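Enquirer: Numbering (mature numbering (1 follows the signal peptide of the UniProt record, and there is no 0)), first residue to last: -22 to -1, 1 to 212. We put the CB at the ideal spot given by N, CA and C, even for glycine. Keep in mind the model is a prediction, meaning the values are calculated, not measured.
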Amino acid sequence: MKMRKSLLIVTILLLGMSSCQQDDELIYSCDPVEDAWAKENLDDIRVMTRANWLEIDDSKKRVVYRAFSAEQKQDFWVEKIDKILLENQWEENESAHILLLKDAVKEHLNWFDAKGIEADEKTFDEFKIFAYQWLEYARNELKWDEFLIGAIVATGNDLVMENGKVKNSMLSSNRVILKKREEVCNCKTSNVVFTTCGPLSNSDCVSDSCDEIRDCGFILSETCDGICKFGGVI
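In structure tokens form, the structure reads like this:
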């Protein structure tokens, strides 16, 4: 009887996790209250622009972004990249590299599919190859540090430069949001090239019993399946 009870508990827990990850109905948050809020406000969310998104409270940004349509997410990143090019001084090869990212975003609406980029193996492979090559060139040829790279491709917030350095990186602007609810995954453990944990050398994405959700990794297109650890502390 005790074994049956234990198996029942495990089954319930597994079903609870899979319902957040694989339900036919789209889930915008594993928090039922937050998910219900997004669905109640979906009509308003689906007409929002990136400018509107920047004005909302930080606590709502992740769930609102997840509730965007694929077209909205694509436009979101094109608008962000245009702003990066317009409001900052770049060398010619840097501008060309940023434009390469913009072109890739414009050409790949399927990178923002609501079911997740991992759902189609060919699409995911193509995405990973592009991300790897883009990141390697940024690091090795342009000598961009992880603060700059993260501020460009790992957050929807604006890139703000001051004296040639990133003023508010993804770490400073998003870490509060990432740490707010530890049971929700906030990084991609299998992505050895790039996670959304931040640019610090002591940051890492570790496997943890968290609820999987989308909006991690390169241009926030991968599924989050781990928890960010900073200096040994989750």
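1. Pull up the DSSP beta-bridge partners for V184, would you.
2. Kindly indicate the opening and closing residues of the beta strand (DSSP E) around R192.
3. Going by beta carbon distance, what residues of the same chain come within less than 8 angstroms of R24, once the five residues before and after it are set aside?
4. Does the separation of the CB atoms of I205 and N164 fall below 9 angstroms?
5. Let me know the alpha helix (DSSP H) ranges lying completely inside the stretch 35 to 107, each 4 residues or longer, listed in chain order.
6. Suppose you measure from the CA of I59 to the CA of Q52; what does that come to, to the nearest Å?
7. Measuring only the C-alpha atoms, how far is D193 from E70?
8. Taking Cβ to Cβ, would you say F196 is nearer than 9 angstroms to W68?
9. In chain order, what residues of the same chain lie with their CB nearer than 8 angstroms to the CB of A16, ignoring the 5 residues before and after it?
10. Could you tell me whether the stretch 82 to 92 touches the stretch 101 to 115, where touching means 3 or more Cβ pairs closer than 8 angstroms?
11. If contacts are defined as beta-carbon pairs under 8 angstroms, then S199 and I95 qualify, I think. What distance do you get, rounded to the angstrom?
12. Across which residues does DSSP place V138 in a beta bridge pair?
13. Return the CA-CA distance between F125 and K100, expressed in angstroms with no decimal places.
14. Buried or exposed: which applies to L32, given that a residue is buried once 16 or more other Cβ atoms fall within 10 Å of its Cβ?
15. Buried or exposed for L20, please, with buried defined as at least 16 other CB atoms from any protein chain shown within 10 angstroms of its CB.
16. Which same chain residues end up closer than 7 angstroms to C175 when comparing Cβ atoms and leaving out the 5 residues on each side of it in sequence?
17. What would DSSP say about S162, mapped onto helix, strand or coil?
Expert: Looking at the coordinates:
1. Looking at the DSSP assignment, V184 forms a beta bridge with I205.
2. Per DSSP, R192 belongs to the beta strand (DSSP E) from 191 to 194.
3. Residues A45, F46, S47, Q50 of the same chain have their beta carbon placed closer than 8 angstroms to that of R24, with the five preceding and five following residues left out of the count.
4. Between I205 and N164, the gap from beta carbon to beta carbon is short of 9 angstroms.
5. List check, alpha helix (DSSP H) in window: 36 to 45, 48 to 65, 70 to 85.
6. Taking the straight line joining both Cα atoms gives about 11 angstroms.
7. One C-alpha to the other measures close to 31 angstroms.
8. Cβ atoms of F196 and W68: not closer than 9 angstroms.
9. These residues qualify, in order along the chain: Y6, S7, I23, V41, V42, R44, A45.
10. Inter-segment contact for the stretch 82 to 92 and the stretch 101 to 115 is present: three or more beta-carbon pairs are separated by less than 8 angstroms.
11. Taking 8 angstroms as the upper bound for CB-CB distance, S199 and I95 are in contact here, some 5 angstroms apart.
12. None; V138 has no bridge partner.
13. Annotation: F125 to K100 spans about 30 angstroms, alpha carbon to alpha carbon.
14. Per the 10 Å Cβ criterion, exposed.
15. Exposed is the label assigned to L20, since fewer than 16 other Cβ atoms lie within 10 Å of its Cβ.
16. Once the five neighbours on either side are set aside, the close Cβ partners of C175 are C165, S181, D182, C183, C206.
17. It is Val, not Ser, that sits at residue 162 in the sequence shown. In the three-state reduction of the DSSP assignment, V162 falls in the strand class, which pools E and B.
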